[in-house]
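Engineer: In the order they appear, the protein sequences are chains E and A.
Sequential numbering of the first sequence, starting at 16, is according to this note's numbering.
Sequential numbering of the second sequence, starting at 16, is according to this note's numbering.
2 protein chains.
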Amino acid sequence: MITLTEGSVRAEWIDYNGHLYDGYYAVIFAEATDAFLIRIGLDEATRTATRHTIYTLETHVCFLREMKLGAPFRIAAQLLDLDQKRVRLFLTMHDSARDIVAATSEQLLMSIDQSGEAARSAPWLERCAKVLQDLAKADEGLPHPPGAGKGISLRRS
Amino acid sequence: MITLTEGSVRAEWIDYNGHLYDGYYAVIFAEATDAFLIRIGLDEATRTATRHTIYTLETHVCFLREMKLGAPFRIAAQLLDLDQKRVRLFLTMHDSARDIVAATSEQLLMSIDQSGEAARSAPWLERCAKVLQDLAKADEGLPHPPGAGKGISLRRS
């Protein structure tokens, strides 16, 4: 488990229900994914030099608690699964003031080579593969969260 | 199937990969959910008068195609499932220029009563239930999309 980002709920993210708009939970999680990109060695200079990047293939967000204006949050990541081109992450939004989990986002990310005419999937750069393998090793003893890998259903409360 | 919103990709939604940022796909889908709210009778005046609204419980977005600056989109909705308090929707982002599906968002939404001290789940208002039942009836012959109800996995390509 690593911490990716920290912040607090901004006024422009509040909706007509008086709390953090669901679309902006996704933006907060996407910004955490950007931090993950840098964490594994795909900073801007490397992206420009190598034309390698990451695309998000899927995200599954569970909205567990309301977040009000100013609520402080911290996004943590657990690496669930890894292969030659893809990684499956489980992000958790912690409300640091109330010490609760406000939301989770499972994500499937793919390594992309943008050097050709069309972007296409590509194996991780060696430097990224090394960091990812270390993160996978660090998290291999952690149980997967109960919601991981689950689809959406009315049958489950 | 009903159309909820139409628009085009704005400059402020473009990321370092030169395309629509994944967090903003979610914002576009969330705005479509707002339109759905109004479609079932929960416009602002009704929300204020009744203190009833909808909260999003879960969303599962699949990013299928890149969307570049200015790409026109239309969000359509299929009603998959309905009970006394919840509805499961399948939203599709159509790129109207290329005639392709750029992304999908399965959503689980809950009817909420905000009149008490804490927001809590509540049966649909009668007027909403009527519209939802009509939409369910209109969509009951449609097959569910292949991705509906599926969880995220590295095993599935």
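Glycine included, every Cβ here is placed at the ideal spot set by N, Cα and C.
1. For Asp96/A, which beta-bridge partners are listed by DSSP?
2. Nearest by alpha-carbon distance to Gly22/E: which of Tyr31/E, Asp30/E, Glu46/E and Arg66/E is it?
3. Closer than 8 Å by C-beta to Leu157/E: which residues in its own chain qualify, once you throw out the five before and the five after it? Chain order, please.
4. Spatial neighbours of Arg142/A within its chain, please: C-beta separation below 7 Å, excluding the five flanking residues on both sides.
5. Under 8 Å between C-beta atoms, does Thr65/E make it to chain A?
6. In chain order, what are the residue ranges of uninterrupted alpha helix (DSSP H) at least 4 long that sit wholly in the stretch 31-97 of chain A?
7. Give the list of continuous beta strand (DSSP E) stretches no shorter than 3 residues that lie fully inside the stretch 102-170 of chain E.
8. What does the alpha-carbon distance come out to for the pair Ala112/A and Leu84/A?
9. List the residues of chain E that Gly56/A touches, going by C-beta distances under 8 Å, in chain order.
10. Cβ closer than 8 Å: which chain E residues qualify as neighbours of Cys77/A?
11. Are any of the Cβ atoms in chain B nearer than 8 Å to that of Val42/E?
12. If Met125/E sits next to Arg101/E, beta carbons under 8 Å apart, how far is it from one beta carbon to the other, in whole angstroms?
13. Going by Cα to Cα distance, which pick from Leu140/E, Asp114/E, His159/E and Lys165/E is closest to Leu52/E?
14. Using a threshold of 8 Å, state whether the C-beta atoms of Gly38/A and Ala60/E are closer than that.
15. Restricting to Cα atoms, I'd like to know which of Ala117/A, Glu155/A and Ala64/A is closest to Ser130/A.
16. Looking at chain A, is there any beta carbon in it that lies within less than 8 Å of the beta carbon of Ile53/E?
17. Anything in the stretch 94-124 of chain A with a Cβ closer than 7 Å to a Cβ of chain E? List those residues in chain order, please.
18. Can you grab the Cα-Cα spacing for the pair Asp30/E / Ser120/E, in whole Å?
19. Tell whether a beta-carbon distance below 8 Å holds between Thr68/A and Ile127/A.
20. Do Ile78/E and Ala137/E have their C-beta atoms within less than 8 Å of each other?
21. Comparing C-alpha positions only, which one of Val116/E, Arg89/E and Ala153/E sits nearest to Leu95/E?
22. Is it buried or exposed, Gln122/A, if we count other Cβ atoms within 10 angstroms and call 16 or more buried?
23. What do you get for Ile115/A, buried or exposed, if any count of 16 or more other CB atoms within 10 angstroms of its CB means buried?
24. Helix, strand or coil for Ser172/E, going by three-state DSSP, please let me know.
25. For Ala86/A versus Val24/A, is the C-beta spacing smaller than 8 Å?
26. How would you call Ala163/A, buried or exposed, if buried means at least 16 neighbouring beta carbons within 10 angstroms?
27. Excluding sequence positions up to five away, which residues of its chain have a Cβ less than 6 Å from the Cβ of Ala151/E?
28. So who's on the other strand from Glu21/E, going by DSSP bridges?
29. Taking its Cβ as the centre, do 16 or more other Cβ atoms sit within 10 Å of Glu132/E, making it buried, or is it exposed?
Structural biologist: In short, the structure shows the following:
1. For the purposes of this step, residue 96/A is taken as residue 81 along the second sequence, with counting starting at 1. Bridge partners of Asp96/A: Arg103/A.
2. The residue you call residue 22/E lines up with position 7 of the first sequence. Nearest option by C-alpha distance: Glu46/E.
3. Residue mapping note: residue 157/E aligns to position 142 of the first sequence, counting from 1. So the list reads Met16 and Gln93, once near-sequence residues are dropped.
4. By one-based count along the second sequence, residue 142/A stands at place 127. Excluding positions up to five away in sequence, the list reads Gly56.
5. Residue numbering aside, residue 65/E sits at position 50 when the first sequence is read from its first letter. Output row for Thr65/E: interface = no.
6. 37-54 and 59-65
7. 115-128
8. Along the second sequence, read from residue 1 onward, the residue named residue 112/A stands at position 97. Along the second sequence, read from residue 1 onward, the residue named residue 84/A stands at position 69. Roughly 12 Å between the two C-alpha positions.
9. For the purposes of this step, residue 56/A is taken as residue 41 along the second sequence, with counting starting at 1. Within chain E, no residue comes near Gly56/A; the closest Cβ sits about 15 Å away, beyond 8 Å.
10. Your numbering for residue 77/A matches position 62 in the second sequence. Neighbours of Cys77/A on chain E, chain order: Leu72 and Glu73.
11. Any reference to chain B falls outside this structure, whose protein chains are E and A.
12. One-based indexing of the first sequence puts residue 125/E at position 110. One-based indexing of the first sequence puts residue 101/E at position 86. That belief holds up - the Cβ atoms of Met125/E and Arg101/E are roughly 5 Å apart, short of 8 Å.
13. The residue labelled residue 52/E in the question sits at position 37 within the first sequence. It is Leu140/E.
14. On the second sequence, position 23 is the one that residue 38/A refers to. On the first sequence, position 45 is the one that residue 60/E refers to. Taking 8 Å as the Cβ cut-off, Gly38/A and Ala60/E do not qualify as a contacting pair.
15. Here residue 130/A refers to the residue found at position 115 of the second sequence. It is Ala64/A whose Cα lies nearest to the Cα of Ser130/A.
16. On the first sequence, residue 53/E is found 38 positions in, with the first residue counted as 1. It does not: the Cβ of Ile53/E has no partner Cβ on chain A nearer than 8 Å.
17. Asp96, Asp98, Arg101, Arg103, Glu121 and Leu123
18. Here residue 30/E is taken as the residue at index 15 of the first sequence, counted from 1. Here residue 120/E is taken as the residue at index 105 of the first sequence, counted from 1. Straight-line Cα distance between these residues: approximately 20 Å.
19. As a working mapping, residue 68/A is identified with position 53 in the second sequence. As a working mapping, residue 127/A is identified with position 112 in the second sequence. Closer than 8 Å, so yes.
20. The residue labelled residue 78/E in the question sits at position 63 within the first sequence. The residue labelled residue 137/E in the question sits at position 122 within the first sequence. Here residue 78/E is Phe; the residue named in the question, Ile, does not match the sequence. No.
21. Translated into positions along the first sequence, residue 95/E becomes position 80. When each option's Cα is compared against that of Leu95/E, the closest is Ala153/E.
22. For this step, residue 122/A is matched to residue 107 along the second sequence. So Gln122/A ends up on the buried side.
23. Translated into the one-based positions of the second sequence, residue 115/A becomes position 100. Ile115/A should be labelled exposed.
24. Here residue 172/E corresponds to residue number 157 of the first sequence, with the count starting at 1. Unreliable positioning characterises Ser172/E in this predicted model, as indicated by a pLDDT of 47, which lies under 50. The coordinate reading is nonetheless provided below. It is coil, neither helix nor strand.
25. In the second sequence, the residue the question calls residue 86/A occupies position 71. In the second sequence, the residue the question calls residue 24/A occupies position 9. Yes.
26. Translated into positions along the second sequence, residue 163/A becomes position 148. That one is buried.
27. Here residue 151/E is taken as the residue at index 136 of the first sequence, counted from 1. If we look at Ala151/E and ignore the five residues flanking it on each side, its Cβ neighbours are Leu94 and Leu97.
28. Numbered from 1 along the first sequence, position 6 holds the residue referred to as residue 21/E. Its beta-bridge partners are Arg89/E.
29. For this step, residue 132/E is matched to residue 117 along the first sequence. Its Cβ having fewer than 16 others within 10 Å, Glu132/E is exposed.
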